[in-house]
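Asker: Residue numbers (our numbering): 25 to 745. All C-beta atoms in this analysis are idealised placements derived from N, C-alpha and C, irrespective of residue type, glycine included. Just so it is clear, the structure is predicted and the values come from calculations on it, not from any experiment.
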Amino acid sequence: MSRQPDRLFELLPQFHRRRDAETGEPLRALLGVIAEQVDLVESDIEQLYDDWFIETCAPWAVPYLGDLVGYRTLRGYEEAVAKSGSLAERLAPRADVAATVTNRRRKGTLPLLENIAHTVADWPARAVEFQPLLTAYQPVRLYPGDDDDVSRRLASTKARLIDVRRGSELDLLGTPFDDFAHAAGAPRISSARGRGRYSPPAVGLFVWRLKPYSITRAPAYCIDRARNLFTFSILGNDSPLVTKPVPEPSATHIATADNVPGLIRRRALEDRLTDYYGPGKSFQIWRDREDHPVPPGDIVVADLSDWTYRPQRKQVAVDPVLGRIAFGSRSAPKRGVWVSYHYAFSDDLGGGEYPRERPEPADESVYRVGPGERDHKIMDAYQRWRDEKASDETKTNAVIEITDSGAYQEQTEFILDHGDRLEVRAAEGVRPVIRLLDWYSNRPDALIVEANPPCDDDETDECHRPKPPRLVLDGLLITGRGVHVSGPMGELVIRHCTLVPGWTLEPDCRPAQPEEPSLILENTTACVQIERSILGTILVITGEVDADPLRIHLADSVLDATGRDREALSAPDCRHAHAVVSIQRSTVFGEVHTHAISLGENTIFDGRVHVARRGIGCLRFCYVPPESRTPPRYRCQPDLVGASPIERRRVRPRFTSVHYGTPAYAKLSARCAPEITRGAEDGSELGVFHDLFQPQREDNLLARLEEFLPAGMDAGIIDVT
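1. The alpha helix (DSSP H) spanning K491 covers which residue range?
2. Please report the residue range of the alpha helix (DSSP H) in which S192 lies.
3. Rounded to the nearest angstrom, what separates H762 and V152 at their Cα positions?
4. So, is D715 buried or exposed, given that buried needs 16 or more other C-beta atoms within 10 angstroms?
5. Mapping DSSP to helix, strand and coil, what is D752?
6. Grab me the residues of V144's own chain with a C-beta within less than 8 Å of its C-beta, minus the 5 sequence neighbours each way, in chain order.
7. Whole beta strand (DSSP E) runs in the region 622–706 with 3 or more residues, listed along the chain?
8. For the region 501–517 against the region 535–548, do three or more pairs of beta-carbon atoms, one drawn from each stretch, fall closer than 8 Å, so that the two count as touching?
9. Do the region 548–568 and the region 637–647 meet, that is, are 3 or more Cβ pairs less than 8 Å apart?
10. Determine the direct distance from the alpha carbon of A85 to that of A106, and round the result to whole angstroms.
11. Just the C-alpha distance for D706 and K419, rounded to the nearest angstrom, thanks.
12. Judging by CA-CA distance, which residue of Q336, H400, A341 and H683 is the nearest neighbour of S329?
13. Which residues in the same chain have their Cβ closer than 7 Å to the Cβ of F351, if we skip the five residues on either side of it in sequence?
14. Figure out for me which residue from P535, S510, C642 and L497 has the closest Cα to the Cα of P477.
15. From G375 to F369, what does the alpha carbon distance come to, in whole angstroms?
16. Since G526 and I628 should fall inside the 8 Å C-beta cutoff, what is the C-beta to C-beta distance between them, to a whole number of angstroms?
17. Tell me, which residues are paired with S223 by DSSP?
18. Taking the alpha-carbon positions, what's the H277 to H617 distance?
19. Does the beta-carbon of A548 have 16 or more other beta-carbons within 10 angstroms, so that it is buried, or is it exposed?
20. Since R459 contacts Q433 with CB under 8 Å, what's their CB separation in whole angstroms?
21. To which residues of the same chain is G191 closer than 6 Å at the C-beta, ignoring the five residues directly before and after it?
22. Would you call S415 buried or exposed, if buried means 16 or more other Cβ atoms sit within 10 Å of its Cβ?
23. I'd like to check one pair, I239 with Y367: are the Cβ atoms closer than 8 Å?
24. By DSSP, does K131 sit in helix, in strand, or in coil?
25. What span of residues does the alpha helix (DSSP H) with A122 cover, start to end?
26. Please classify Q661: is it buried, with 16 or more other beta-carbons within 10 angstroms of its beta-carbon, or exposed?
27. Please name the residue in I424, T522 and R659 whose C-alpha comes closest to that of D580.
28. In the structure shown, what three-state DSSP assignment does H40 receive?
29. Should S708 go down as buried or exposed, given a rule of 16 or more other Cβ atoms within 10 Å for buried?
30. Please report the distance separating the alpha-carbon of D343 from that of N283.
31. If you count every other CB in all the chains shown that lies within 10 Å of the CB of P493, and 16 or more means buried, which is it?
32. At which residue ranges does the region 559–593 contain complete alpha helix (DSSP H) runs of 4 or more residues, listed in the order of the chain?
33. Taking the alpha-carbon of E651 as reference, which of V633, G560 and Y658 has the nearest alpha-carbon?
34. Indicate whether E397 and T427 have their beta-carbon atoms separated by less than 8 Å.
35. Where do the N-terminal and C-terminal ends of the alpha helix (DSSP H) with P719 fall, by residue?
36. In whole angstroms, give me the CA-to-CA distance for T124 and A739.
Encoded structure:
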């Protein structure tokens with residue numbers, strides 16, 4: 025649309041504008057269309073000036089400006105521009121192009137290699153030169169008379185005995201901050217088969233691929249039968265604490281443990297408690313609704329793996345490795361415990377405090393829920409909207425926005441009429457938890473969503489049909505039970521949410537109720553749209569004779585049945601779900617039994633797939649177990665490796681962890697076959713983390729390391745997390 029649609033019309037004389045108004049303003053409409061095209065030309069001219077500068081240029085101009093300073097883009101950039109703009113930005117990062125000239129002046133320095141990892145791959149890193157860490161090295165061929173020289177070299181090395189009483193230093197063995205002497209290794213760090221570290225020409229770039237995510241002033245979980253034992257995670261599972269990275273003071277600074285999102289060690293926390301604990305730092309603890317957190321002097325670091333440690337009075341024991349808290353039995357909190365902490369995960373997925381993109385309709389009433397707001401419960405805000413809608417029929421659109429990261433334990437039931445549009449969402453920067461408890465003894469206690477049948481006076485669409493209701497769940501973590509949807513619903517949108525697989529977790533992150541579904545669609549017409557979410561089994565209960573198949577769209581999400589042999593999508597008794605499914609860039613743990621799959625793309629099906637209608641839809645660039653019944657497949661695995669059982673076992677996806685609640689959940693293992701880690705349409709990995717473009721980032725980083733390494737040195741990327 026034009027910024028000033030009437031600016032050309034206003035240039036006409038008053039006589040012509042009056043005559044045009046008398047005839048229905050056709051001239052004004054024509055000049056409005058012309059003004060819109062004029063605005064496009066002017067905007068393009070303004071952008072031409074911005075394209076001269078790397079900070080303001082359009083994405084397509086980044087490689088052209090880089091070519092002026094000798095920046096080399098990776099192979100495949102041209103194809104990436106046509107397929108995916110986000111992939112093109114990974115292959116030619118704007119910050120990397122801007123720093124090309126500066127980087128050449130700093131070529132060969134370790135801080136430069138760390139900066140390159142940040143600008144090129146967006147990974148925190150620490151560069152380590154392994155030659156100074158060798159005990160001794162000498163030429164394979166010793167010349168006569170060189171014994172004195174060899175003795176002098178041995179005396180000047182780092183060879184020494186290890187003091188076993190210095191536990192904090194021993195914890196660093198094998199880490200990027202290991203300062204002990206090591207014997208030289210035979211494999212080179214750049215070897216494709218067996219990667220070595222400690223050799224004279226080796227430089228290792230340790231990278232942290234998992235990101236730190238914050239939880240702010242959220243309730244801790246009290247262990248059953250104990251009022252003084254807590255976990256940081258509201259789900260009751262062990263969740264290791266992560267360092268909140270501190271920005272490096274200068275570009276020439278070498279990264280330390282405070283500058284990277286590493287896991288917090290017990291001895292490090294004990295030695296430097298105030299560096300990790302406090303406002304704006306890695307974690308904090310409040311008790312009994314007090315305004316001030318627990319003072320650092322009361323914090324003690326302990327191993328709480330078996331809960332045998334007994335803190336003294338007023339002491340608070342913290343185990344950062346397991347994410348556990350223990351109070352003294354005589355000073356246990358009486359009104360609860362609240363925590364702020366950081367955990368590690370691969371990407372912005374599921375419920376979290378990360379920024380979320382979402383539309384902001386202007387015609388919706390917003391009902392805020394939380395401390396200091398008018399409503400303190402979700403159902404109070406919902407009931408207020410229903411009361412206002414009863415007196416004002418135009419208030420059919422509503423948003424219930426939760427403003428804190430608290431836990432809401434209430435009977436949640438949404439009854440929607442035709443024409444209603446309800447969105448239950450988290451405010452920016454918070455992650456609320458909806459805990460569905462065992463309220464009733466004679467019925468399920470799920471989060472109920474029910475649509476009433478249409479009435480004669482309901483709002484209609486352009487085809488004079490009643491508008492079915494629409495519900496959006498955004499940014500929530502739902503635990504304890506699942507979501508039950510029934511009735512003539514129009515659309516159910518679940519985005520940036522976590523419906524905990526198995527309802528809740530055991531301390532070791534195993535599901536407490538692995539057989540229970542997270543989403544039940546019973547006798548409903550809802551079109552389900554799931555985006556960037558984590559959820560358990562989807563159960564479809566509907567008639568197949570008098571109803572059309574449901575439409576289920578799953579994108580950038582994890583569908584987890586908590587087991588490869590359990591049903592991730594099905595009807596009761598493992599029958600085919602009466603649904604047509606579209607799955608893109610997702611990971612499915614479990615079997616899929618459905619009417620049809622209209623599209624499966626860049627997806628990992630870790631369990632068997634069985635569709636009733638093979639002639640509908642297609643699968644492309646996916647992994648599907650060999651015994652599956654699917655629609656036509658295009659460039660899927662293991663079809664491309666042939667019928668050899670050995671090859672089929674080799675390309676089967678391997679994951680670092682398949683248990684929700686662990687930091688590396690659904691992340692592909694480093695031992696996974698390249699047909700999976702680079703098997704997507706654009707060369708990225710299959711599955712839910714496709715859009716991270718990990719292979720392209722790694723290739724780009726290796727290419728830049730070769731360009732800026734000291735002469736004669738080898739470099740390798742070593743994953744820390």
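Answerer: Judging by the given coordinates:
1. Against the sequence shown, residue 491 aligns to sequence position 467. The continuous stretches of alpha helix (DSSP H) do not include K491, and DSSP gives it neither H nor E.
2. What you label residue 192 is simply residue 168 of the sequence shown in a count that begins at 1. Element bounds for S192: G191 to L194.
3. Here the chain covers residues 25 to 745 and nothing more, so residue 762 does not appear.
4. By 1-based counting over the sequence shown, the position of residue 715 is 691. With 16 or more Cβ atoms within 10 Å of its Cβ, D715 is classed as buried.
5. Because residue 752 is not part of the residues shown, which for the chain are 25 to 745, the question remains open.
6. Sequence index remark: in the sequence shown, residue 144 carries index 120 (1-based). Same-chain partners within the cutoff: P117, D120, R721, N724, L725 and R728.
7. Secondary structure remark: continuous beta strand (DSSP E) runs of at least 3 residues inside the region 622–706, in chain order: 633–635 and 642–644.
8. Contact between the region 501–517 and the region 535–548 is present, because at least three Cβ pairs lie under 8 Å.
9. Contact between the region 548–568 and the region 637–647 is absent: fewer than 3 CB-CB pairs across the two stretches fall below 8 Å.
10. Here residue 106 corresponds to residue number 82 of the sequence shown, with the count starting at 1. Here residue 85 corresponds to residue number 61 of the sequence shown, with the count starting at 1. Only weak support exists for where A106 lies, its pLDDT of 47 falling under 50; the coordinates are left without a value.
11. As a first step, residue 706 must be located in the sequence shown, where it is residue number 682. As a first step, residue 419 must be located in the sequence shown, where it is residue number 395. Rounded to the nearest whole angstrom, the C-alpha separation of D706 and K419 is 46 Å.
12. Taking the first residue of the sequence shown as position 1, residue 329 is located at position 305. Residue A341 holds the alpha-carbon nearest to the alpha-carbon of S329 among Q336, H400, A341 and H683.
13. Here the question's residue 351 lines up with position 327 in the sequence shown. Correct list, in chain order: N252, P335, V340 and P357.
14. As a position in the sequence shown, residue 477 is number 453, starting the count at 1. Taking each of P535, S510, C642 and L497 in turn and checking the Cα distance to P477, the smallest one comes out for S510.
15. Along the sequence shown, read from residue 1 onward, the residue named residue 375 stands at position 351. Along the sequence shown, read from residue 1 onward, the residue named residue 369 stands at position 345. Inter-residue distance for G375 and F369 is about 12 Å (C-alpha atoms, whole angstroms).
16. As a first step, residue 526 is located in the sequence shown; it is residue number 502 there, counting from the start. As a first step, residue 628 is located in the sequence shown; it is residue number 604 there, counting from the start. Actually they are not in contact, since the Cβ atoms of G526 and I628 sit about 20 Å apart, beyond 8 Å.
17. Locating residue 223 in the sequence shown gives position 199, where the first residue counts as 1. None, per the DSSP bridge assignment.
18. In the sequence shown, counting from the first residue as 1, residue 277 sits at position 253. In the sequence shown, counting from the first residue as 1, residue 617 sits at position 593. Approximately 55 Å between the Cα atoms of the pair.
19. Start at 1 with the first residue of the sequence shown, and residue 548 comes out as number 524. Per the sequence shown, the amino acid found at residue 548 is Thr instead of Ala. Buried: at least 16 other Cβ atoms inside 10 Å.
20. Residue numbering aside, residue 459 sits at position 435 when the sequence shown is read from its first letter. Residue numbering aside, residue 433 sits at position 409 when the sequence shown is read from its first letter. With 8 Å as the limit, R459 and Q433 qualify as a contact, their Cβ atoms being about 5 Å apart.
21. Translated into positions along the sequence shown, residue 191 becomes position 167. The residues are R291.
22. By 1-based counting over the sequence shown, the position of residue 415 is 391. Exposed, since its Cβ has fewer than 16 Cβ neighbours within 10 Å.
23. Position 343 of the sequence shown, counted from the first residue, corresponds to residue 367. Position 215 of the sequence shown, counted from the first residue, corresponds to residue 239. A contact, by the Cβ cut-off of 8 Å.
24. Taking the sequence shown and counting its residues from 1, the one referred to as residue 131 is at position 107. Here K131 sits in coil by DSSP.
25. Translated into positions along the sequence shown, residue 122 becomes position 98. Start and end: R118 to A122.
26. Here the question's residue 661 lines up with position 637 in the sequence shown. Looking at its Cβ environment, which holds 16 or more other Cβ atoms inside 10 Å, Q661 is buried.
27. By 1-based counting over the sequence shown, the position of residue 580 is 556. Among I424, T522 and R659, the Cα nearest to that of D580 belongs to T522.
28. Locating residue 40 in the sequence shown gives position 16, counting from the first residue. Three-state DSSP puts H40 in a helix.
29. The count along the sequence shown starts at 1 and reaches residue 708 at position 684. By the beta-carbon neighbour count (other beta carbons within 10 angstroms, threshold 16), S708 is buried.
30. Position 319 of the sequence shown, counted from the start, is the residue given in the question as residue 343. Position 259 of the sequence shown, counted from the start, is the residue given in the question as residue 283. Each residue's Cα considered, the two are about 21 Å apart.
31. In the sequence shown, counting from the first residue as 1, residue 493 sits at position 469. P493 should be labelled buried.
32. Counting only runs that start and end inside the region 559–593, there is no alpha helix (DSSP H) element of at least 4 residues.
33. Position 627 of the sequence shown, counting from 1, holds the residue named residue 651. Nearest C-alpha to E651: V633.
34. One-based indexing of the sequence shown puts residue 397 at position 373. One-based indexing of the sequence shown puts residue 427 at position 403. For E397 and T427, yes; Cβs fall inside 8 Å.
35. Residue numbering aside, residue 719 sits at position 695 when the sequence shown is read from its first letter. Taken as a continuous stretch (DSSP letters only), the alpha helix (DSSP H) holding P719 covers Q718 to F732.
36. As a first step, residue 124 is located in the sequence shown; it is residue number 100 there, counting from the start. As a first step, residue 739 is located in the sequence shown; it is residue number 715 there, counting from the start. Distance between T124 and A739, taken at the CA atoms: about 20 Å.
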